[in-house]
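Take -12 as the starting number for the sequence shown in the numbering used here and just add one per residue. C-beta: ideal position from N, C-alpha, C; glycine also.
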Amino acid sequence: MRRLIDLLEAQHTLPDQDLLSLITMDDAEADAYLAQRAAIVRQRHYGNDVFIRGLIEISNYCKNDCHYCGIRRGNRCCQRYRLTEEQILACCHQGYEAGFRTFVMQGGEDPYFSRERMAALIRSIKQSYPDCAVTLSLGELDRETYQEWFDAGADRYLLRHETANARLYRALHPEPLTLENRMRCLYDLKEIGYQTGCGFMVGSPGQTPEMILEDLRFIQEFRPHMVGIGPFIPHQETIFRDQPAGSAELTLRLLSIVRLMLPDVLLPATTALGTVLGDGRQQGMLHGCNVVMPNLSPPNVRGKYTLYDNKLITGAEAAESLRLLAESMAEIGYRVVTARGDWKGGST
């Protein structure tokens, strides 16, 4: 396995069968070596810096009814909320004072946040904090909307593709959602000029190693600036409530593989990973990650934005949360930095 890992680091790709061997390997020593090489590659491109993104969950209303998601339209037990512009700007102010230089506005596909309303909000944030990056994660929209938000000042967009396999995509999403439209959105975002992030769930119901291989091949071809990989975690108000959560070990392995495939990628240690693994953020760094997203949402709504059960939630103030995060990163030799944390790669 070491030979395959060395080849992947040198060539950034492997034949399908060899990549499948890495995905499915049962070899603790090889896993440790893979993590070590991923950490070295990450060090080469980004040093020991950990970039922080202030996550603001602006709304848990969603027009979609995705089968795995806790804020799906059909969940009548979900306590809905929607932040006001004043609340969002207050989150940004608190985050800026604490040291955040990227704000991530994430939400369900809520028609209330129209093209015009979001454009005005983006302009307000950029006017108040011109040295900060604005990241959006608001789902599938038309190209014109993406373009207007980019023109208003948005810098990045996160849209996990969830799976590159059409059959699995159909099992996870109801009509009229399609894999084709999800991919259209991703290519539109990248062509417009966003730093674009995709990603997938590990262990979603029905997923096979061959499907994970498809995800890696898509990522290799698409060459995103960011990749978000987290374990599937069931939600009690979905049809997958009784399904097991995805493997934290496999998630960490795939993070390391992605780091070797795309050495300059921005790679977050996700909240989902921290939920299934107590030291998930630290382990993510040790497996090649370089981004974390602490929550800047008002404490009284954090428990309502539940994409899955048992979400890792802290009621700590932004400054206190950041101090604790910095301490946990320092324990393993990394440092949280006050910076936008832009992608450092070349042309794609």
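Throw me the rounded Cβ distance for the residue i and residue j pair, which I believe falls under 8 Å.
i: N47; j: Y68; result: 6 Å
i: T238; j: G217; result: 7 Å
i: G190; j: G233; result: 2 Å
i: C119; j: R327; result: 7 Å
In angstroms with no decimal places, state the Cα-to-Cα distance between residue i and residue j.
i: Q379; j: E(-4); result: Residue 379 lies beyond the residue range present for the chain, which begins at -12 and ends at 335; the question has no answer from this structure.
i: R169; j: R154; result: 14 Å
i: V91; j: L42; result: 5 Å
i: L264; j: A235; result: 7 Å
i: F137; j: Q223; result: 36 Å
i: I(-8); j: T11; result: 13 Å
i: Q114; j: L312; result: 28 Å
i: T335; j: L128; result: The predicted position of T335 is uncertain, since its pLDDT is 40 and thus under 50; a value taken from the coordinates is nonetheless stated next. For T335 and L128, the distance between alpha carbons rounds to 23 Å.
i: Y144; j: S124; result: 6 Å
i: F209; j: H148; result: 11 Å
i: R214; j: D251; result: Checking the sequence, you will find Val at residue 214 rather than Arg. So the alpha carbons of these two residues sit roughly 11 Å apart.
i: Q93; j: L1; result: 34 Å
i: P211; j: Q182; result: 8 Å
Pick helix, strand or coil for residue i, following the three-state DSSP scheme.
i: S308; result: helix
i: C185; result: strand
i: V121; result: strand
i: Y33; result: helix
i: T238; result: helix
i: G215; result: strand
i: N282; result: strand
i: R204; result: helix
i: V323; result: strand
i: P196; result: helix
i: L21; result: helix
Under 7 Å from any heavy atom of the ligand MN, does the C-beta of residue i make it?
i: F137; result: Among the ligands in the structure shown, none appear at all, so the ligand MN cannot be discussed.
Using CA atoms only, rank isn't needed, just tell me which of the options is closest to residue i.
i: S284; options: A235, E72 and T325; result: E72
i: A256; options: P250, R240, V279 and D266; result: V279
i: L241; options: Q30, V288 and L21; result: L21
i: S8; options: L203, M(-12) and T0; result: M(-12)
i: N35; options: R327, G332, K331 and A317; result: A317
i: T132; options: E162, R157, D175 and Y156; result: D175
i: R40; options: K50, G140, L309 and N51; result: L309
i: F38; options: R60, T293, R268 and E167; result: R268
i: S243; options: Q4, F227 and A26; result: A26
The alpha helix (DSSP H) spanning residue i covers which residue range?
i: F137; result: R130 to A139
i: G94; result: Counting along the chain, G94 falls outside any alpha helix (DSSP H), though it belongs to the beta strand (DSSP E) covering T89 to G94.
i: E127; result: E127 -> no alpha helix (DSSP H), and no H or E assigned at all.
i: T252; result: The identity of residue 252 in the sequence shown is Val, whereas the question assumes Thr. Run containing V252: none; DSSP gives neither H nor E here.
i: G82; result: E72 to A85
Could you give the residue range of the beta strand (DSSP E) that holds residue i?
i: M105; result: Note, M105: premise wrong, no beta strand (DSSP E); alpha helix (DSSP H) at R102 to S115.
i: G41; result: G41 to S46
i: Y343; result: The first residue shown for the chain is -12 and the last is 335, placing residue 343 beyond what the model contains.
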